[in-house]
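Written out below as C-alpha cells is the structure these notes cover.
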Amino acid sequence: MGWLDRVDDQVDALRRARALQQASRSAEAVALLDRVIRTTDDPCARADALVQRLCAVINLGRTAEYTRAIEDASAAVRDLAEPYLHGHLNALAALAAHHQGALDRCVTHLVKAARALTADDDPDRDTAWGWHDLAMAYSYLSFHGHALGAIERARQVGLTAGIPEETFAAPGIRLRNAVALDHNGDSDGCLRVLRDVAGDFSRFLRSGRADDIMPGSLAAYGYAAARRAAFGDRVESGTDADPTRLLAHGGDSARARDLRQLGQVCLAIADGRPIEAVTRLDTTRVSNETLGAAEAPRLRSIALARAGDHAAAHRADRHAFRLAAQRNDRLRDVYIDGIAARIDHEEVRREAARYEGEALTDPLTGLPNRRRLERYIGAVVSRGERVVIGVCDLDGFKAVNTRHGHHSGDLVLQRIAGVINRVMRRGDFVARYGGDEFVVVLPEAGMSEATEVARRIQAAVRTEDWESLVPGTPVGVSIGFAEVNGGSGASVREALGAAFELADREMLRAKDRRRAS
C-alpha cells in the first residue's frame, strides 16, 4: 500500500499537484495546495500538501517563504509515522538550510532524510520521488557521490513502481558533477561526462522515450549540450537535441531560468561572440546553488580566452578555482559522517539518560550495561508483564579487530549501538551485554513482534556503509529471541537465566545458518 492510499481526503488534488510540479508548473501547484490546506481536516492530506508546498516554494526560488514553509510542514509531519514524509521533508529542508548558510543544519537534514527513506518498508512511487529529491539536494550541495547513490535508489524503486527509467535519468546531477570537474581543473573529465549525458539523451530520442523526460531535465540536457559547444564540440541544431530548443523547457523553475541564462552565454562563446558572452555575464544574476559559484567566472575565463585576453582569462580562472576549492567534496563527505555519528550519539545518550549513575552505563557505546539490563528485566518480570529478550552478536567482528585494529573495532561497536537503538520501537530497551554482544528487551511483546524487530535490525545493519569504516571487512549481526517465562513458579533469576540460554542458542543457530548460506 502506497502513501497516498492511506490519505482519505482530496487525493486527486494531491496527485494533480504532483503532476504540476513534475511539469515545472510549481506556481499552479502552490495555488492548488493552498486550497487543500485551507479545506482539509485529514492530517495526512494536510501533511502531504504542506510538504509538496515546500517543494514548490523551493522550485520557485521564493526564499523569503522557506522558514515558514518548513515550520508548517514539520508541525504537520511530526506525529505521523510515515518514513516517506519525514525523508522528503528533510531533503527539502536541507536545500533551504543551505541557501540560508546553515551548513550544520543542512547536513543534519541530509542524514535524517537518508535514514528515513531507508527505513521505508513499503517503498512506492512517492518513496522514489523522495529519493529523487534527496539526490537533487545532495547534488546542489556538491555531494556528488552521495547524489549518484541516491538517484540510483530512486531509479530502482521507481522501476519497481512502474516509473520509466528516463524519468530518473537525472542529467542535472551529472551536469553538476561535470562542471565541478571543470572548476577544479579537469576539463577533459568534464567533457567526457557531458558527452555521456548527450549519449543518454540520444538513446532516449531513438527509442521514442523522450516524452517521459521531465521539463527540468530537458533544460539540463540543453545546458550540457551548450557547455560542450563552449568547449568546441559540435552540437546539433534544428533537431530535438538542439540546445536552444531544450533550454526553453523548465517552466517556472528558478533553476531552469538560471540554466537558460548561462546557456545563452555558452552558445555565444560557441558561435564566436565571446565579447557578447562577457557582456551577458555582467548582467546575469543566477543562484550559486544551480551550478556552483565557480560556473560564471569559469565561463568568463573561457570567453576571455576566446577573445584573446589571456591575462584576464587567467585571473577569471583563478577566481573560479578559489570558489570551487571552498566546496571540497571530500571534506564535506567526512562532515556527513561526523553529523551521522553525532546524531547516533545524541540518540543513545537520550536513551541512557533515563537511567541513573555512570555505573549502569557502558562507557564506549553510552548504552545501559549488563547490570542495568538485569535490573530492568527483573523489574518488568516482577510486575508480571510479558517480555521478550533478544541476544544480538556481531558477525565478522573478530576480522575487524585483526585487520583494522581495536580502535576500528570500537568504532564498529559504537556504530552498531546507534543502528540498533534507532530502529527499536518506542519503549524498547537496548543494552551492551559485553564484548560484541548486545541485548534488546521488548516489553509487552511476543515472538511475532520479535521477528519483525530482528528483520529491522538486520536490514539497518546491512545497509550501513561499513566499507568506508572497515574496508574489505563485512559486518553483520545474528539474533536470537526468547520469551521470559516468569509465571511458572520459578524465581526471577531462574526465569531470566533460562530465557538468556534459549535466546543464546537461537542466536548461534542463526549464525550457523548465515555461515551455511
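For what it's worth, the UniProt record's numbering labels the leading residue of the sequence shown as 1, then goes sequentially. Every residue gets a Cβ at the ideal spot worked out from N, C-alpha and C, and that includes glycine. As the structure is a computational prediction, the values presented were derived from the model and not from experiment.
Item                                                                                                                         : Value
Bridge partner(s) assigned by DSSP for Ser478                                                                                : Asp393
Through-space distance from Ser202 to Asp465, alpha-carbon basis                                                             : 35 Å
C-beta contact flag for Leu299 and Ala313 at 7 Å                                                                             : no
Opening and closing residue of the beta strand (DSSP E) in which Leu442 lies                                                 : Glu437 to Pro443
Buried or exposed (CB count within 10 angstroms, at least 16 for buried), His132                                             : buried
Contact with chain B by Ala499, beta-carbon distance below 7 Å                                                               : Absent from the structure is chain B; it holds one protein chain and no more.
Exposed unless 16 or more other CB atoms sit within 10 angstroms - verdict on Lys112                                         : buried
Beta-carbon contacts of Tyr223 that lie in its chain and below 6 Å, excluding the five residues immediately before and after : Leu259 and Gly263
Cutoff 8 Å; reference Ala460; Cβ partners in own chain excluding five residues on either side                                : Thr118, Ala119, Val419, Ile420, Arg422 and Val423
DSSP state of Thr239 mapped onto helix, strand, coil                                                                         : coil
Continuous alpha helix (DSSP H) stretch holding Gly418: start and end                                                        : His406 to Val423
Rounded straight-line distance, which links the Cα of Ser408 to that of Cys497                                               : Residue identity check: residue 497 is Gly in the sequence provided, not Cys. Their backbone Cα atoms lie some 32 Å apart in a straight line.
Beta-carbon proximity list for Ala431, same chain, < 6 Å, skipping 5 on both sides                                           : Leu367, Pro368, Leu373 and Val439
Buried versus exposed, by CB contacts within 10 Å (16 or more), Arg330                                                       : Because Arg330 sits at a pLDDT of 46, beneath the cut-off of 50, its placement in the model cannot be relied upon, and the following sentence gives the value as read from the coordinates. Exposed: under 16 other Cβ atoms inside 10 Å.
Cβ shell of Leu218 (< 6 Å), same chain only, five flanking positions each side left out                                      : Leu246 and His249
Per-residue DSSP class, three states only, for Leu110                                                                        : helix
Expected contact under 8 Å - CB spacing of Ser237 and Gly61 to nearest Å                                                     : Not quite, the Cβ-Cβ distance comes to about 30 Å (not below 8 Å), so this is no contact.
Supposed contact pair Ala220 and Pro171 - C-beta distance, whole angstroms, cut 8 Å                                          : 4 Å
Whole-angstrom C-beta distance between Ser301 and Ala324, which should lie under 8 Å                                         : Contact doesn't hold; Cβ gap of about 12 Å is too wide.
Delimiting residues of the beta strand (DSSP E) encompassing Phe231                                                          : Run containing Phe231: none in the beta strand (DSSP E); it sits in the alpha helix (DSSP H), Pro215 to Phe231.
Beta-carbon contacts of Arg15 that lie in its chain and below 8 Å, excluding the five residues immediately before and after  : Leu4
Helix, strand or coil at Val461 according to DSSP, with G and I counted as helix                                             : helix
Simplified DSSP state of Gly145, which is helix, strand or coil                                                              : helix
Counterpart residues of Thr361 in DSSP-defined beta bridges                                                                  : Pro368
Cα-Cα separation, Ala96 to Ala503                                                                                            : 47 Å
Identity of the residue in Leu291, Val380 and Gly434 nearest Gly427 by Cα                                                    : Val380
Collapsed DSSP secondary structure at Ala119 in the structure displayed                                                      : coil
Range covered by the alpha helix (DSSP H) that runs through Phe429                                                           : No alpha helix (DSSP H) holds Phe429; the beta strand (DSSP E) holding it covers Phe429 to Gly434.
Range covered by the alpha helix (DSSP H) that runs through Trp131                                                           : Arg125 to Tyr140
DSSP bridge partner residues for Val387 (one or two, in chain order)                                                         : Pro443
Three-way DSSP call (helix, strand, coil) for Glu289 in this model                                                           : helix
Distance between beta carbons of Gly130 and His98, contact taken as under 8 Å                                                : About 18 Å; that fails the 8 Å criterion.
Helix, strand or coil at Glu82 according to DSSP, with G and I counted as helix                                              : coil
Paired residues, beta bridge with Glu483 - DSSP                                                                              : Val388
Contact check, Phe481 vs Val387, beta carbons under 7 Å                                                                      : no
Rounded separation between Arg174 and Arg383 - CA only                                                                       : 59 Å
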